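Reading through the structure tokens given below for one structure.
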Amino acid sequence: MLKLSGLGKRYPTGDRALTNIELTLPKGQVMALIGPSGAGKSTLIRCVNRLVEPTEGSVTLEGVELTRLSGQKLRQARRSMGMIFQEYALVDRLTVMENVLSGQLGYVGFWRSFLRRYPQSAVVEAFRLLERVGLPHALDKRADALSGGQRQRVGIARALLQSPKLLLVDEPTASLDPKTSRQIMRLIRELCAERELAAIINIHDVALAQQFADRIVGLRAGEIVFDGPPGELTSDILTTIYGEEDWDTTPEPEDNSVDERDDPTPPTPMARVAAGGAR
Ligand SMILES: Nc1ncnc2c1ncn2[C@@H]1O[C@H](COP(=O)(O)OP(=O)(O)OP(=O)(O)O)[C@@H](O)[C@H]1O
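Everything in the sequence shown is counted per full-length UniProt numbering, starting at 1 for the first residue and increasing by one.
Written as structure tokens, this is what we have:
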């Protein structure tokens with residue numbers, strides 16, 4: 001579905017962010033991308049939709065080599081990739097509904113979206129999505145009146161409105177409390193399963209990654225040093241990814257399946273070390 005071959009990025013400053021990345025992501029797979037600060041996680045996500053231009057290798061989505069596209073064709077291809085950001089990227093003065101509909105910008109043309117005249121079908125779908133993400137009563141609220149978790153739900157609905165095949169998710173829980181973080185990760189996971197959507201989630205919280213992802217890829221200094229199921233992420237591998245640390249004080253996750261409980265779970269020592277120690 002998504003294939004990265006020999007992908008590399010060197011910034012004009014001379015910083016090498018990625019080296020020879022080889023990855024294939026099947027339909028419906030939720031992949032967590034972990035690694036210390038500066039490992040290249042954001043660069044990798046942004047090379048996929050070419051917000052950052054790779055300097056080597058190729059990105060192929062459903063047989064289309066994105067790294068060969070430009071102009072209109074690139075814009076069209078980008079619509080099949082929904083992006084969800086850490087800082088939500090909502091327009092504060094617009095309502096929840098308007099923010100979700102702005103996910104249609106690439107489709108409806110500048111004037112139509114400027115005048116906020118969206119197709120009826122988009123409005124109906126936006127209603128449906130807002131209901132699905134748990135915000136059916138907040139349609140008319142201004143985005144700046146929402147909590148962090150609610151803002152992230154709007155960001156998710158907006159990304160889904162363009163019917164993407166792939167979700168690129170950049171630290172979705174970085175500003176959220178532990179309970180809300182779990183709810184957001186659970187929602188993303190459920191939506192990927194319902195829609196057979198693949199996702200790459202850049203995340204610092206290793207415990208959350210283990211709990212909600214099908215697969216974990218560990219980056220260190222721009223290279224993949226681990227690629228496997230959450231259960232295979234041992235202390236030795238965490239040391240390879242993040243460096244020396246007493247990982248054995250970390251409780252192993254009991255189960256990788258989605259937890260339906262809503263009780264807040266404090267971050268494990270591993271999550272704290274990975275998030276704090278990596279920064
Ligand atoms: N615009 C840029 N110009 C020059 N160098 C950059 C740029 N963006 C990132 N880098 C460098 O590329 C490397 C990878 O950075 P990147 O932001 O992708 O890492 P990351 O794993 O996402 O880090 P974090 O977890 O802190 O967000 C770092 O050495 C960084 O300094």
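No residue lacks a Cβ here, since even glycine has one placed at the ideal position from N, Cα and C.
All of these numbers come straight from a predicted model, not from anything done at the bench.
Cα-Cα separation, residue i to residue j
i, j, result
"residue 101", "residue 126", "7 Å"
"residue 226", "residue 98", "41 Å"
"residue 153", "residue 184", "7 Å"
"residue 20", "residue 137", "47 Å"
"residue 241", "residue 48", "22 Å"
"residue 56", "residue 43", "13 Å"
"residue 95", "residue 134", "16 Å"
"residue 212", "residue 186", "7 Å"
"residue 128", "residue 121", "11 Å"
"residue 91", "residue 53", "26 Å"
"residue 180", "residue 149", "6 Å"
"residue 80", "residue 22", "21 Å"
"residue 142", "residue 124", "19 Å"
"residue 146", "residue 132", "17 Å"
"residue 35", "residue 218", "5 Å"
"residue 254", "residue 166", "Residue placement at residue 254 cannot be trusted, given a pLDDT of 46 that sits under 50; the coordinates are not used to answer."
"residue 2", "residue 62", "6 Å"
"residue 246", "residue 65", "43 Å"
"residue 238", "residue 118", "47 Å"
"residue 229", "residue 178", "23 Å"
"residue 243", "residue 235", "10 Å"
Residue i - DSSP class collapsed to helix/strand/coil
i, result
"residue 142", "strand"
"residue 19", "strand"
"residue 11", "coil"
"residue 99", "helix"
"residue 236", "helix"
"residue 37", "coil"
"residue 277", "Any reading at residue 277 needs caution, since the residue's pLDDT is 37, under 50, leaving its predicted position unreliable; the model's value is listed next. Looking at residue 277 - three-state DSSP - the assignment turns out to be helix."
"residue 124", "helix"
"residue 225", "strand"
"residue 65", "strand"
"residue 48", "helix"
"residue 203", "coil"
"residue 243", "coil"
"residue 104", "helix"
"residue 190", "helix"
"residue 86", "coil"
Contact belief for residue i with residue j at Cβ below 8 Å, rounded distance in angstroms
i, j, result
"residue 188", "residue 32", "Actually they do not touch by this definition, with Cβ atoms about 11 Å apart."
"residue 7", "residue 18", "6 Å"
"residue 282", "residue 161", "Missing from the structure shown is residue 282; the chain here goes from 1 to 279 and no further."
"residue 200", "residue 176", "Between residue 176 and residue 200 the Cβ distance is about 19 Å, and since that is not below 8 Å, they are no contact."
"residue 214", "residue 29", "5 Å"
"residue 221", "residue 39", "6 Å"
"residue 157", "residue 130", "5 Å"
"residue 73", "residue 196", "Actually they do not touch by this definition, with Cβ atoms about 24 Å apart."
From the options, residue whose alpha carbon lies closest to that of residue i
i, options, result
"residue 78", "59, 172 and 239", "59"
"residue 173", "207, 75, 140 and 234", "207"
"residue 194", "181, 15, 164 and 12", "164"
"residue 85", "229, 151 and 228", "151"
"residue 155", "13, 82 and 3", "82"
"residue 87", "228, 3, 70 and 170", "170"
"residue 9", "3, 50, 2 and 166", "50"
"residue 144", "27, 89 and 67", "89"
"residue 231", "239, 71, 244 and 216", "216"
"residue 16", "244, 229, 223 and 236", "223"
In DSSP terms, what residue i is bridged to
i, result
"residue 3", "24 and 60"
"residue 215", "31"
"residue 166", "81 and 198"
"residue 220", "223"
Heavy atom of ligand 3 within 8 Å of residue i beta-carbon
i, result
"residue 137", "In the structure on display, ligand 3 does not appear, and the ligands it does have are ligand 1."
Min CB distance residue i to chain B below 9 Å
i, result
"residue 61", "In the displayed structure, chain B is absent; only one protein chain is listed."
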